[in-house]
Amino acid sequence: MSVCSRRTLLHGTGCLVAAAALAGCGGSPRSSSNEPLVGDIVDVPVGGGMVLDGRVVVTQPSPGVYAAFSATCTHQGCTVSEIEDGTINCPCHGSAFGITDGSVVQGPAREPLPRRQVTVEGTSFTVA
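Take 306 as the starting number for the sequence shown in our numbering and just add one per residue.
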C-alpha cells in the first residue's frame, strides 16, 4: 500500500481513489439512525438478551422484566456481541456488564452501559 502526501492526495486522482476506497473499509455495521428499534419479546430469552442493529442490547433478567442499553462498550467503543450467564460481553477486551442494570461486572470498562428506554406492548417491544 502506498502512502499519499497531502499535496499528492489533493492533486492526484490515484490517491484520491485509494483514499475513498479505504474510507469505506473498517466502518461499523451499525446504523446511525435514531429511529426506534422494534422487536419481538419471544426473541429475548429469560436470563439473557439480544443485540439489535449493533446499537442496543435488550435483556430479560427475569420473566416479563425487560431492560435496554447502548450496545457500545464504555471502555473503547467496541460493540458488545454476546449475552451469556447474566452478563453482556464485549469481545474486544473482555468487559462484562450486568443484564439487569448495565453495571460493570468485569473490566477494563469502568462505566456502565447507558440505559435506553424500552416499551413492551403485547408481544413486541420498542427501544427509543
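By construction, the Cβ of each residue, glycine as well, lies at the ideal position given by its N, Cα and C atoms.
CB contact below 8 Å: residue i versus chain C
i       : result
Asp-358 : The structure shown contains no chain C, having only a single protein chain.
Cα-Cα separation, residue i to residue j
i       : j       : result
Val-351 : Ser-429 : 15 Å
Pro-419 : Phe-374 : 5 Å
Gly-382 : Ala-414 : 10 Å
Thr-364 : Leu-342 : 14 Å
His-380 : Val-349 : 25 Å
Cys-378 : Asn-339 : 18 Å
Asp-358 : Thr-384 : 10 Å
Gly-427 : Gly-369 : 11 Å
Val-423 : Pro-366 : 14 Å
Phe-402 : Val-425 : 23 Å
Ile-388 : Ser-400 : 12 Å
Tyr-371 : His-398 : 26 Å
Residue i, DSSP secondary structure in three states
i       : result
Val-347 : helix
Ser-375 : strand
Gly-403 : strand
Gln-422 : coil
Thr-428 : coil
Gln-381 : coil
Leu-315 : The pLDDT assigned to Leu-315 is 39, lower than 50, so where the model puts this residue is not dependable, and the model offers no usable value.
Bridge partners - residue i, DSSP secondary structure assignment
i       : result
Glu-389 : Thr-392
Gly-354 : Thr-364
Val-370 : Ser-367
Val-409 : Phe-402
Under 8 Å between C-beta atoms of residue i and residue j
i       : j       : result
Ile-404 : Gly-344 : no
Arg-421 : Val-347 : no
Val-432 : Ser-386 : no
Pro-396 : Asp-406 : no
Between the stretch 378-393 and the stretch 403-411, can you find at least three pairs of beta-carbon atoms closer than 8 Å?
yes
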